[in-house]
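**Q** In this note's numbering, the protein residues as written are 27 to 236.
We put the beta carbon where it would ideally sit given N, CA and C, even for glycine.
This is the structure, below, for whatever I ask next.
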Ligand code: URA
């Protein structure tokens with residue numbers, strides 16, 4: 027899919043899911059599906075909208091979002107270059123943690139976004155999106171900043187920017203993890219170039235067999 031096709035597919039997906047009866051819909055002001063460049067290299071996935079996001083219908087627009095914007099700028103990207111989504115698309119009351127059944131109810135919406143965007147790299151922000159993509163049993167303290175492969179996707183789990191707002195010692199940790207992104211992207215692109223080259227070689231040798 028090209029950029030325009032991805033854009034259209036996302037509009038359709040959000041429209042379908044926006045009309046469904048989801049567990050937190052009745053307590054939220056706006057749905058917050060996510061926003062950004064659908065043809066991006068990097069997809070960021072947070073947890074759930076907070077108060078500001080619920081009011082504006084946009085992800086990461088509060089204090090944590092400002093810090094996320096700074097981290098993104100620190101690696102030479104603009105917010106509009108990347109895509110930012112959340113596991114949960116409606117604000118949980120009082121910003122409580124999402125319940126397991128809520129995560130399951132919203133799962134296909136985020137899975138649909140991931141499938142359409144097909145970013146080279148997914149950055150999970152915080153515990154909930156890490157578990158969404160890697161499954162249970164991981165400790166963010168141990169694996170933050172380490173690229174993982176799942177179903178052909180490269181995922182780097184990172185701390186949530188909000189955690190760094192109340193724990194100042196996590197700010198440099200997050201910045202150091204972000205600093206790894208350009209190198210990982212380069213390696214992924216090189217890997218893809220190699221497999222493209224391999225495919226062409228295989229096609230060539232198959233042709234010469236007949
Ligand atoms: N925290 C999140 O996880 N997502 C947002 O959109 C805002 C804050």
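1. If you follow the beta strand (DSSP E) that residue 112 is part of, which residue opens it and which one closes it?
2. Hey, could you find the ends of the beta strand (DSSP E) residue 182 is sitting in?
3. Relative to the C-alpha of residue 51, which residue among 96, 28, 35, 114 is closest?
4. For the stretch 32–76, list the beta strand (DSSP E) runs that are entirely contained and at least 3 residues long, ordered along the chain.
5. Going by CA-CA distance only, name the one from 77, 38, 108 that's closest to residue 71.
6. Take the Cβ of residue 151 as the centre, count every other Cβ of all protein chains shown within 10 Å, and call the residue buried at 16 or more, exposed below.
7. Just the Cα atoms here: how many angstroms apart are residue 49 and residue 227?
8. Let me make sure I understand the geometry here. Which of 216, 53, 110, 201 has the alpha-carbon closest to that of residue 69?
9. Contact between the stretch 170–188 and the stretch 135–152: three or more CB pairs below 8 Å?
10. Taking its Cβ as the centre, do 16 or more other Cβ atoms sit within 10 Å of residue 66, making it buried, or is it exposed?
**A** By the coordinates alone:
1. Its beta strand (DSSP E) spans residues 109–112.
2. Per DSSP, residue 182 belongs to the beta strand (DSSP E) from 179–184.
3. Checked all of 96, 28, 35, 114; the closest Cα to residue 51 is 114.
4. Runs found: 68–72.
5. When each option's Cα is compared against that of residue 71, the closest is 108.
6. By the neighbour-count criterion, in which a residue is buried when 16 or more other Cβ atoms sit within 10 angstroms of its Cβ, residue 151 is buried.
7. Those two C-alpha atoms are separated by around 51 Å.
8. Of 216, 53, 110, 201, the smallest CA-CA separation from residue 69 is found for 110.
9. The stretch 135–152 and the stretch 170–188 touch, with three or more beta-carbon pairs separated by less than 8 Å.
10. Counting every other CB atom within 10 Å of its CB across the protein chains shown gives residue 66 a total of 16 or more, marking it as buried.
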